[in-house]
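> Quick one: the structure is below, questions incoming.
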Amino acid sequence: YLFMVALQFGYAGMFIITIISFRHGFSHWILVVYRHAIATIVFLPFAYHFEKKVRPKMTKSVFLKIALLGFLEPVMDQNFYYVGMQYTSPTFASAITNVLPAITFIMALVFRMERVDMKSKYSLAKVIGTVITVSGTMLMTWYKGPEIDILGFSHAGIKATTATTTVEHHWITGTLLVLCCLVGWSFFFILQNKTLKEYPAEMSLTTLICLMGTVEGGIVASIMVRKKSAWAMGFDTRLLAAAYSGVVCSGMAFYLQSIVNRERGPVFVTAFNPLSTAITAVLGAIVLAEKVRLGSLIGAAIIVSGLYSVVWGKSKEIS
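If you read the sequence shown in the UniProt record's numbering, its first letter stands for residue 1, the second for the next number, and so on.
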C-alpha cells in the first residue's frame, strides 16, 4: 500500500514537470526515448547484480511479450497521454486516468483473470462501480462547465508566452487520446502479470521493458521528429523531465507495480490513481496557474465513487 501511494506523488510531479518541458519546446516523442534510456542505464546494474541467481533464461515467448510490453507502455501509452495532456490539461488528464481500474477490470474479465458472480454482492459492486466510472468519464468528456480557480492562484505559475508553448484545448480529441492511452496501459498490466509467471524477475523485466521502449521509441521518434536539433539536451527542464520520469515513473514504477501485480493482480495495481489527481490539481494551480472545469470536478467525483466500489469488491474477494 505504501509503495503504491508513494508512486502517486511521483506521477503527480511528473505531470507538472513534463508539461513545463513541453512549454519550452521539448518533443514528447523524444522525451519517451530519453526517459527510458535513463531508466535502463540506472536499473541495469541493480538488475544484473541482485537477480543474477534467480533470473530465468530468455525464451522466444518471453522476448516477444517484453517487446510488446515495451511498445504498449513506453511508446503507445505515454505518447498518447502526453498529447492528450497538452490538448486538455494536466489535472484533467490525471483525473480521467481514474477510469483505468474499470478498463483494467473489463479487460481482466475478457482474459479470464477476473470473475463475476452476479449472486455475490462483491462481484455486483465491481460491475456497478465500473458502470459508474464509465459514466463519470463520459460526463468529463462532454460537459466542461465554468472554470474554477482552485486555491486562488490565478496569476501565479509559469505562463506560456510563445506560439510553441500555446496549445489549443481540443478537449474531445485530448480525452479520446488519453482513453486510448488507458486501454494500452490496462493491456500492459494484463500482459505484465502473464509475463511474470514465465519470467519472475521483476527488476530484470523492468530493465528489459525500458530497453525495448528505448529502441522502439527511438524508431518512432526518428520518423515523427525530423529536426536533429530537437534531440539536443542541456541542463534544463528537458533533462529534469527525462531523468525524473525515467527513474521515478518508469524504472521504480514498473518495478514496484510488477511486485504488486504478481501478488494482487492488475486491478489492484490501478486502484490508487485518485490520489495523484488530487496532488496534480494542487500543483497545477500553484505551478501552472491552472483552472479546473466544473465538469472535471463532478466527473472526477463520480469516477472516484465508482472506482472505490470496484476496489471494495475486489479487496473483499481477495480477503
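C-beta: ideal position from N, C-alpha, C; glycine also. Quick caveat: nothing in here was measured; it's all calculated off a predicted structure.
Using a 10 Å radius around the Cβ and a threshold of 16 neighbouring Cβ atoms, would you call residue 314 buried or exposed?
buried
> Determine the direct distance from the alpha carbon of residue 184 to that of residue 25, and round the result to whole angstroms.
26 Å
> In the DSSP assignment, find the unbroken alpha helix (DSSP H) run with residue 97 in it and report its ends.
Where residue 97 is concerned, there is no enclosing alpha helix (DSSP H), given that its DSSP letter is neither H nor E.
> Could you compute how far the alpha carbon of residue 97 sits from the alpha carbon of residue 311?
15 Å
> Can you name, in chain order, every residue of its own chain whose Cβ lies under 7 Å from the Cβ of residue 225, other than the five neighbours on each side?
27, 29 and 30
> So, are the CB atoms of residue 193 and residue 138 less than 8 Å apart?
no
> Taking the Cβ atom as the reference point for each residue, do residue 279 and residue 93 lie within a distance shorter than 8 Å?
no
> Could you work out which residue in 21, 15 and 3 is closest to residue 234 when comparing CA atoms only?
The candidate whose alpha carbon is nearest that of residue 234 is 21.
> Is it right to say residue 17 is buried, meaning 16 or more other beta carbons lie within 10 angstroms of its own, or is it exposed?
Buried is the call here.
> Work out the CA separation of residue 195 and residue 189 for me, nearest whole Å.
10 Å
> Alpha carbon to alpha carbon, how far is residue 101 from residue 55?
30 Å
> If you reduce the DSSP assignment to three classes, tell me which class residue 116 lands in.
coil
> Could you have a look at residue 51 and say whether DSSP puts it in helix, strand or coil?
Coil.
> Using the three-state DSSP reduction, which class does residue 33 fall into: helix, strand or coil?
helix
> To the nearest angstrom, how far is it from the Cα of residue 301 to the Cα of residue 136?
8 Å
> Does DSSP classify residue 293 as helix, strand or coil?
strand
> When the Cα atoms are used, what is the spatial distance from residue 358 to residue 81?
Nothing can be reported for residue 358: it is not among the residues displayed for the chain, which extend from 1 to 319.
> Which same chain residues, not among the five before or five after residue 167, have their C-beta less than 7 Å away from its C-beta?
At residue 167 the pLDDT is 42, less than 50, meaning the model places this residue with poor confidence; the figure from the coordinates comes in the next sentence. The answer, listed in chain order, is 86 and 87.
> Confirm, please, whether the CB-CB distance from residue 39 to residue 246 is below 8 Å.
yes
> Let me check one thing: in DSSP terms, what residues is residue 148 bridge-paired to?
Answer by DSSP bridge pairing, in chain order: 292.
> Determine whether the beta carbon atoms of residue 108 and residue 207 lie at a separation below 8 Å.
no
> Below 8 Å CB to CB, which residues in the same chain sit around residue 240 once its five sequence neighbours on both sides are set aside?
Excluding sequence neighbours, residue 240 sits near 17 and 21.
> Let me know if residue 309 comes out buried or exposed under the rule of 16 or more other beta-carbons within 10 Å of its beta-carbon.
buried
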